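Quick mapping for you: the protein sequence lines, in order, are chains A and B.
Heads up: the first sequence at position 60 corresponds to 59 in numbering that gives the first Met the number 0, and the numbers run straight through without jumps.
Heads up: the second sequence at position 17 corresponds to 16 in numbering that gives the first Met the number 0, and the numbers run straight through without jumps.
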Amino acid sequence: MNEERKRILNMLAENKITAEDAEALLDAMSPPPATGGTGATGGGGARSADPRYLRVLVEDQDGHTGKVNVRVPFQLIRAGVRLAALIPVAAHGPVNKALQSRGIDIDISKLKPEDFEDLVQHLRDLTVDVEGTRGEKVRVFCE
Amino acid sequence: MTFPPSLLRLRVRTPEHPWPTLWLPVFLVWPLVVLLLVLLALVVLVVAIVRDPRQIARAFALVGALFAVVCGLRGVHIDVVGRRAQVLISFH
Chain A
0 MNEERKRILN MLAENKITAE DAEALLDAMS PPPATGGTGA TGGGGARSAD PRYLRVLVED
60 QDGHTGKVNV RVPFQLIRAG VRLAALIPVA AHGPVNKALQ SRGIDIDISK LKPEDFEDLV
120 QHLRDLTVDV EGTRGEKVRV FCE
Chain B
0 MTFPPSLLRL RVRTPEHPWP TLWLPVFLVW PLVVLLLVLL ALVVLVVAIV RDPRQIARAF
60 ALVGALFAVV CGLRGVHIDV VGRRAQVLIS FH
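Next up, the structure:
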């Protein structure tokens, strides 16, 4: 339970606010159910829908040059994981080695579609916000 | 159920070549993709029967996964603006 929610319930217990007021306040705290949002401000209200896209935004300080705006549907990533799960066991070693030679240190034998669903659920609240020394901004989030 | 992308928006712009944005009707190649998938499924079936009949289910799962990848392209949006060029690839 987060702090704001606890405070509202305490106020209700101390009869400082009515039950209707408490309900209105709790509703106001909950994120809108259909928007999905970036999850950065999720305050422990109702669980929003699973994210549909992974977004990567890169902007320079002026916001015009060197701009990157990428949106990848989770459905595509999910299909890729399904495809990776079908790679024959004998090919896992060479594939892992090829990935490692490109700096990607993952073991594809551990990629399971069912694990991916858990990952997507937890990614709902992910927001990566990085600002570089020259003013460039990188944002990675789900929506 | 999801469907493969219907339209592809493509834009490649450089100072020398300011091409307009192209809206490509990808749905026109759907029949071709379906035909290729059916042919691929037949080939996979024959190869699986000849080599290892126990792998038939896995082989069809592979065809299904490939189709899921094609369907998953709907919604992909890549927009990169560099100092000298701009590239936009967007599936709808």
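By construction, the Cβ of each residue, glycine as well, lies at the ideal position given by its N, Cα and C atoms.
Computed from a predicted model, the values in this text were never measured in an experiment.
Looking at the DSSP output, Trp22 (chain B) shares a beta bridge with B:Arg8.
A direct Cα-Cα distance of roughly 23 Å separates Trp22 (chain B) from Arg83 (chain B).
Here the region 65-75 of chain A lies against the region 71-78 of chain B, with 3 or more beta-carbon pairs under 8 Å apart. Runs of the alpha helix (DSSP H) spanning 4 or more residues and lying entirely within the region 60-119 of chain A occur at 73-84, 88-100, in chain order. In the three-state scheme derived from DSSP, where H, G and I count as helix and E and B as strand, Pro17 (chain B) is classed as strand. Secondary structure within the region 50-85 of chain B: the alpha helix (DSSP H) runs of 4 or more consecutive residues, fully enclosed, are 55-71 (chain order).
With a threshold of 9 Å between beta carbons, Val79 (chain B) makes contact with chain A. DSSP places Glu3 (chain A) inside the alpha helix (DSSP H), whose first and last residues are 2-12. According to DSSP, residue pairing for Lys136 (chain A) in a beta bridge involves A:Glu58, A:Glu130. Selection A:Gly102, A:Pro50, A:Lys111 evaluated against Leu125 (chain A) yields A:Pro50 as nearest (Cα-Cα). Spatial neighbours of Ala18 (chain A) in its own chain (CB-CB distance under 7 Å, excluding positions within 5 residues in sequence) are listed in chain order as Leu11.
DSSP places Leu34 (chain B) in the helix class (H, G or I) of the three-state scheme.
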